[in-house]
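Right, one structure below, let's go through it.
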């Protein structure tokens with residue numbers, strides 16, 4: 001991580017199938033919390049995330065490390081899969097809904113501003129209407145800020161493919177549509193609560209498909225939310241002047257670049273993103289922005305020194 005920071009990196013994601021199980025294999029269940037705290041000592045590393053943790057190894061010490069370490073983001077992506085204990089048992093998941101919700105309750109007690117995202121699958125073999133209703137209940141109770149949702153489909157060679165009570169595709173699709181509606185209601189409500197709040201955005205490339213047309217730039221808030229922000233107040237037609245999709249302002253002194261940090265006020269919330277249509281409150285140029293700008297600079301072609309061909313006499 002120190003080598004990455006030396007190259008201009010501001011944000012690092014610790015990645016693992018069960019990332020918080022780090023240390024279990026060598027007998028230290030507190031190792032992951034220690035690792036999170038250690039990142040706080042790396043000068044210049046501004047944001048640390050991790051994905052995906054498993055509920056079975058999610059300790060109170062990890063929650064404490066998240067809350068105590070300033071550069072660890074208050075964001076948690078923890079797969080739920082189903083809110084039904086019966087379905088979780090069929091999936092051979094080693095936790096139950098109450099344990100999952102208990103972790104979220106502890107996370108929010110330590111970090112009230114934490115954003116929780118998840119993965120959910122519907123239509124697993126044997127899932128009843130009551131099972132599915134329990135999933136909807138957990139979504140509402142957990143107040144997710146985002147969810148990756150999937151329809152179960154049979155995959156040859158997996159244990160689930162040979163399970164009885166495979167659901168008809170139309171049932172799976174209908175439940176998926178209902179789940180999506182509830183998820184959107186919940187995430188939209190969570191996002192609306194941020195209207196009027198100031199967010200810190202790490203500017204990125206490619207996050208906003210409409211940035212070129214709207215004149216906005218895009219990036220991620222510390223809690224992982226996608227933010228589309230203006231570099232100047234909106235005109236009467238609702239569009240913005242100033243920068244385009246790739247950052248360097250055409251004439252303004254802002255010159256906001258991918259990799260820079262911007263503080264701005266949320267003016268609008270959608271289920272999957274936030275807009276900030278006022279001028280930024282603060283813009284900080286960073287080493288990451290310098291690295292991005294350096295990468296765009298024209299390169300002088302090198303001089304090729306070739307050996308003369310040797311011809312046989």
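Numbering (UniProt numbering), first residue to last: 1 to 313. Note that CB positions come from ideal geometry on N, CA and C, so glycine has one too.
Looking at the secondary structure, which residues open and close the alpha helix (DSSP H) in which residue 170 lies?
Position 170 of the chain shown, counted from the start, is the residue given in the question as residue 170. Unbroken alpha helix (DSSP H) run through residue 170: 169-192.
In the DSSP assignment, find the alpha helix (DSSP H) that holds residue 65 and state where it starts and stops.
Here residue 65 refers to the residue found at position 65 when the chain shown is read from its first residue. Segment 60-68, the alpha helix (DSSP H) holding residue 65.
By alpha-carbon positions, which one of 9, 257, 37 ends up nearest to residue 218?
In the chain shown, the residue the question calls residue 218 occupies position 218. When only C-alpha atoms are compared, the closest one is 257.
Check whether the segment 28-37 and the segment 47-63 are in contact - that is, three or more C-beta pairs closer than 8 angstroms.
yes
For residue 32, the first and last residue of its enclosing alpha helix (DSSP H)
Along the chain shown, read from residue 1 onward, the residue named residue 32 stands at position 32. Here the alpha helix (DSSP H) through residue 32 covers 31-39.
Going straight from the alpha carbon of residue 89 to that of residue 124, what length do you get?
Counting from one through the chain shown, the residue named residue 89 turns up at place 89. Counting from one through the chain shown, the residue named residue 124 turns up at place 124. Approximately 11 angstroms, taken between the alpha carbons.
Compute the beta-carbon to beta-carbon distance between residue 150 and residue 118, rounded to the nearest angstrom, for a pair I have assumed lies under 8 angstroms.
Looking up residue 150 in the chain shown gives position 150. Looking up residue 118 in the chain shown gives position 118. Contact doesn't hold; Cβ gap of about 11 angstroms is too wide.
Please name the residue, chosen from 84, 18, 22, 44, that lies closest to residue 5 on a Cα-to-Cα basis.
Counted from its first residue, the chain shown places residue 5 at position 5. Among 84, 18, 22, 44, the Cα nearest to that of residue 5 belongs to 44.
Backbone secondary structure at residue 275 - three-state DSSP:
Position 275 of the chain shown holds residue 275. If DSSP states are grouped into helix, strand and coil, residue 275 belongs with the strands.
What residues match up with residue 119 in a beta bridge as DSSP calls it?
Residue 119 sits at position 119 when you count from the first residue of the chain shown. Note: residue 119 sits in a beta bridge opposite 148.
Measuring alpha carbon to alpha carbon, tell me which residue in 84, 172, 147, 205 is nearest residue 288.
Along the chain shown, read from residue 1 onward, the residue named residue 288 stands at position 288. The candidate whose alpha carbon is nearest that of residue 288 is 205.
Please state whether the Cβ-Cβ distance between residue 182 and residue 136 is less than 9 angstroms.
Counted from its first residue, the chain shown places residue 182 at position 182. Counted from its first residue, the chain shown places residue 136 at position 136. Their beta carbons are under 9 angstroms apart, which means residue 182 touches residue 136 by this criterion.
Under 9 angstroms, do residue 99 and residue 53 count as touching if we go by C-beta distance?
Counting from 1 along the chain shown, the entry for residue 99 is found at position 99. Counting from 1 along the chain shown, the entry for residue 53 is found at position 53. Contact flag unset, no.
Measure from the alpha carbon of residue 16 to the alpha carbon of each residue in 24, 30, 50, 26, then state which is nearest.
As a first step, residue 16 is located in the chain shown; it is residue number 16 there, counting from the start. Comparing Cα positions, the closest option is 50.
Note down, one range per segment and in chain order, each beta strand (DSSP E) of at least 3 residues found wholly within the segment 195-239.
198-204, 216-221, 226-230
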